[in-house]
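J.:
In the numbering used here, the protein residues as written are 106 to 340.
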């Protein structure tokens, strides 16, 4: 509860600061304005509607993703992303002890994501405080080097494809900054995440014909926290 109150207080301060800045920006001296600058104002009001971004902290989860955000309404945008995965060492170390074994070798994987972003205090551009519900799917493939036995207990090498996938349902709160250096863009966010994890692991089997491994499947659903940083180029 204490962290939730801190979070609410932080974004309340951000909102108040942004509102004050917007009000100052809208003050126009009617006595000094004769309409001659209207073409220039229209030209300057044309702002980018696209951002290409890379996530700075996703590689820590073995996720190498490129993001694209597109404005669809003055205060709403859609963001999608795709990339490749290698292995999620945080997951393997703290959530699943199975894949930390040296018999597993990563063979790659993929990730996809999509979500909406709402900018309640933005002035027609993707900047400032935002709220975002989104979905992320990450898949990691492994190859296990095992040993199987025939009916006479003679050993033979066996390779088994397995791995894990993670579906994330997230609600994020963040802050973005635009035009720091011309078209340079940066953001950070954090929030709640619910992970639906599916694992495929080797399971030992034996019968009259010998002993070998088959795939066993399991699911778990756990809550957590999300945090990330991203930089990008707007156009």
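Virtual Cβ for every residue (Gly too), placed ideally from N, Cα, C.
How many Å lie between residue 271 and residue 297 at the Cα?
T.: 15 Å
J.: Contact check, residue 334 vs residue 293 under 8 Å by CB: the rounded distance?
T.: That belief holds up - the Cβ atoms of residue 334 and residue 293 are roughly 5 Å apart, short of 8 Å.
J.: Between the segment 194–212 and the segment 171–184, can you find at least three pairs of beta-carbon atoms closer than 8 Å?
T.: no
J.: Considering only the alpha carbon of each residue, which of 278, 216 and 206 lies closest to residue 238?
T.: 278
J.: Among the candidates 207, 242 and 223, whose CA atom is the shortest distance from the CA of residue 170?
T.: 242
J.: Cβ of residue 232 within 7 Å of Cβ of residue 283?
T.: Yes, Cβ-Cβ distance for residue 232 and residue 283 is below 7 Å.
J.: At 3 residues or longer, what runs of the beta strand (DSSP E) sit wholly inside the segment 246–299?
T.: DSSP runs (the beta strand (DSSP E)) wholly in the segment 246–299: 260–283.
J.: Around the C-beta of residue 209, are 16 or more other C-beta atoms found within 10 angstroms, so that it is buried, or is it exposed?
T.: buried
J.: Residue 143: buried (16+ other C-beta within 10 angstroms of its C-beta) or exposed?
T.: Because residue 143 carries a pLDDT of 43, less than 50, the predicted location of this residue cannot be relied on, and no value is offered for it.
J.: Expressed to the nearest angstrom, what Euclidean distance is found between the alpha-carbon atoms of residue 217 and residue 244?
T.: 9 Å
J.: What does a CB cutoff of less than 6 Å around residue 229 pick up in its chain, not counting 5 residues either side in sequence?
T.: The answer, listed in chain order, is 179.
J.: Under a three-way DSSP split, which group does residue 324 fall into?
T.: strand
J.: Specify the secondary structure class of residue 205 as computed by DSSP and reduced to three states.
T.: helix
J.: Give me the Cβ distance between residue 305 and residue 322, rounded to the nearest whole Å; I'm assuming they're in contact under 8 Å.
T.: 6 Å
J.: Under three-state DSSP, which class holds residue 340?
T.: Residue state for residue 340 is assigned as coil, using DSSP reduced to three classes.
J.: By the 10 Å Cβ neighbour count, where 16 or more other Cβ atoms means buried, how is residue 287 classified, buried or exposed?
T.: Burial check for residue 287: the Cβ neighbour count within 10 Å stays below 16, so the residue is exposed.
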